[in-house]
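*Asks:* Residue numbers (the working numbering): 7 to 287.
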Ligand SMILES: [Fe+2]
Ligand SMILES: [Fe+2]
């Protein structure tokens, strides 16, 4: 089973009626996903679906996602807005007013969480959402499960894109996850670059964005002293493939386009594959 993850699409960044570079970047990644020999079983978009949570941007997003040759599931990020989203995507289920739901059709159960607190940049996971997650995990405590959410509940080392130590919502999530041992992976976004860490005993991977990426810089930042550092770079749009092999998840991070082809598995280079497989020994 393969879960493809796209994140931080920020569709509509240029405003209504203008050419959206993020939509073009999304098209590149959709082309990469559709071009895979082994297709993903599903695609999860982990939030910041649009730049501003307004209806026309969600309509543009919906049209763009139709090109993906796999079922697509959506999560909220801090740029999303519940009311506008609900008008364009009425098919998505809500729990207690939050975009939280499970995907049951595959060997691995996927639980989509809602960490949006409208108007705030940072994450949120209130008691209501935590109780819902606890109840869902309690339903199937032995089944391999993956959690998809926008805000990674981790200190990233990138000072302007990190959680605050001791944040209540992070503790709440940690408390629930610590009660179960069947959560195999957490997929997140929001940081606009690849990060790997563990949280509550679970591996967490943060996907690159469809939109431009955060520049890697781990120096402390002073909110009162702009030091001219680069915050965002164009880079290429990225995505992840999470491969379930029956035991655990292996996460692959990629960009599209992936660059010039240097080697192809055809008759001329078949020996390369035989050699790497050690078939001649
Ligand atoms: Fe984002
Ligand atoms: Fe975000």
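In this text, a Cβ means the ideal position worked out from N, Cα and C, and glycines have one as well.
Return helix, strand or coil for residue 115, following the three-state DSSP convention.
*Replies:* Working through the chain shown from its first residue, we reach residue 115 at position 109. Strand.
*Asks:* Less than 7 Å separating the Cβ of residue 290 from some heavy atom of ligand 2?
*Replies:* Absent from the structure is residue 290, since the part of the chain shown begins at 7 and ends at 287.
*Asks:* For the beta strand (DSSP E) holding residue 261, just list the boundary residues, first then last.
*Replies:* Walking along the chain shown from the start, residue 261 turns up at place 255. That run of the beta strand (DSSP E) goes 255 to 261.
*Asks:* To which residues does DSSP link residue 246 through a beta bridge?
*Replies:* To locate residue 246, count along the chain shown from 1; it is residue 240. Answer by DSSP bridge pairing, in chain order: 11 and 259.
*Asks:* Just confirm the distance between the C-beta atoms of residue 184 and residue 154, as a whole number of angstroms; I'd bet it's less than 8 Å.
*Replies:* Locating residue 184 in the chain shown gives position 178, where the first residue counts as 1. Locating residue 154 in the chain shown gives position 148, where the first residue counts as 1. Not a contact, Cβ separation roughly 19 Å.
*Asks:* To the nearest angstrom, how far is the alpha carbon of residue 65 from that of residue 287?
*Replies:* Counted from its first residue, the chain shown places residue 65 at position 59. Counted from its first residue, the chain shown places residue 287 at position 281. Each residue's Cα considered, the two are about 56 Å apart.
*Asks:* Could you tell me which of 63, 114, 146 and 160 sits nearest to residue 204, measuring between CA atoms?
*Replies:* Residue numbering aside, residue 204 sits at position 198 when the chain shown is read from its first letter. Of the candidates 63, 114, 146 and 160, the one whose C-alpha sits nearest the C-alpha of residue 204 is 160.
*Asks:* Is the CB-CB distance between residue 133 and residue 199 below 8 Å?
*Replies:* By one-based count along the chain shown, residue 133 stands at place 127. By one-based count along the chain shown, residue 199 stands at place 193. Against a cut-off of 8 Å, the Cβ pair of residue 199 and residue 133 comes out as no contact.
*Asks:* Tell me the rounded alpha-carbon separation between residue 221 and residue 241.
*Replies:* The residue you call residue 221 lines up with position 215 of the chain shown. The residue you call residue 241 lines up with position 235 of the chain shown. Taking the straight line joining both Cα atoms gives about 9 Å.
*Asks:* Tell me whether residue 191, by its Cβ, gets closer than 7 Å to a heavy atom of ligand 2.
*Replies:* As a position in the chain shown, residue 191 is number 185, starting the count at 1. No.
*Asks:* Sort 40, 117 and 22 by Cα distance to residue 100 and report the nearest one.
*Replies:* Within the chain shown, the letter at position 94 stands for residue 100. Here the closest residue by C-alpha is 117.
*Asks:* Indicate the three-state DSSP secondary structure (helix, strand or coil) for residue 287 in the structure shown.
*Replies:* Looking up residue 287 in the chain shown gives position 281. Note: residue 287 maps to coil in three-state DSSP.
*Asks:* Using C-beta distances below 6 Å, list every residue in its chain close to residue 217, excluding the 5 sequence neighbours before and after it, in chain order.
*Replies:* Stepping through the chain shown from its first residue, residue 217 is reached at position 211. Once the five neighbours on either side are set aside, the close Cβ partners of residue 217 are 14, 16 and 28.
*Asks:* My guess is that residue 49 and residue 94 are in contact by the Cβ rule of under 8 Å, so how many angstroms apart are they, rounded?
*Replies:* In the chain shown, the residue the question calls residue 49 occupies position 43. In the chain shown, the residue the question calls residue 94 occupies position 88. Rounded, the Cβ-Cβ distance is 18 Å, inconsistent with contact.
*Asks:* Would you list the residues sitting across from residue 80 in a DSSP beta bridge?
*Replies:* On the chain shown, position 74 is the one that residue 80 refers to. 51, per the DSSP bridge assignment.
*Asks:* Excluding the 5 residues flanking residue 123 on each side, which residues of the same chain have their C-beta closer than 7 Å to its C-beta?
*Replies:* To locate residue 123, count along the chain shown from 1; it is residue 117. Result list for residue 123: 130, in chain order.
*Asks:* Say the cut is 7 Å; is the CB of residue 120 nearer than that to a heavy atom of ligand 1?
*Replies:* In the chain shown, counting from the first residue as 1, residue 120 sits at position 114. Answer for residue 120: no, Cβ out of range of ligand 1.
*Asks:* Contact check, residue 47 vs residue 9 under 8 Å by CB: the rounded distance?
*Replies:* Reading the chain shown from its first residue, position 41 is the one you call residue 47. Reading the chain shown from its first residue, position 3 is the one you call residue 9. 7 Å between Cβ atoms; contact.
*Asks:* Considering only heavy atoms of ligand 1, list every residue whose Cβ is less than 5 Å from one of them, following chain order.
*Replies:* Taken from the N-terminal end onward, the list reads 14 and 54.
*Asks:* At a cut-off of 7 Å, would you count residue 83 as near ligand 2, judging by its Cβ distance to the nearest heavy atom?
*Replies:* Here residue 83 refers to the residue found at position 77 when the chain shown is read from its first residue. Yes - ligand 2 has a heavy atom lying nearer than 7 Å to the Cβ of residue 83.
*Asks:* Just list the beta strand (DSSP E) runs in the stretch 105 to 176, keeping only unbroken ones of 3 residues or longer that don't cross its boundaries, in chain order.
*Replies:* Qualifying beta strand (DSSP E) stretches, in chain order: 107 to 109, 115 to 118 and 151 to 154.
*Asks:* Distance check for residue 250 and residue 285, CA to CA, integer angstroms please.
*Replies:* Here residue 285 refers to the residue found at position 279 when the chain shown is read from its first residue. Here residue 250 refers to the residue found at position 244 when the chain shown is read from its first residue. Each residue's alpha carbon lies about 26 Å from the other.
*Asks:* What would DSSP say about residue 95, mapped onto helix, strand or coil?
*Replies:* Stepping through the chain shown from its first residue, residue 95 is reached at position 89. It is coil, neither helix nor strand.
*Asks:* With a cut-off of 8 Å on the beta carbons, I'd call residue 57 and residue 19 a contact; round off their distance for me.
*Replies:* As a first step, residue 57 must be located in the chain shown, where it is residue number 51. As a first step, residue 19 must be located in the chain shown, where it is residue number 13. Sure, about 4 Å apart at Cβ, within 8 Å.
*Asks:* From the DSSP output, read off the bridge partner residues of residue 3.
*Replies:* This structure does not reach residue 3, given that the chain is present from 7 up to 287, and the question cannot be answered.
*Asks:* Spatial neighbours of residue 254 within its chain, please: CB distance less than 7 Å, with the 5 preceding and 5 following residues excluded, ordered by chain position.
*Replies:* Taking the chain shown and counting its residues from 1, the one referred to as residue 254 is at position 248. Excluding residues within five positions, the ones whose Cβ falls inside 7 Å are 190.
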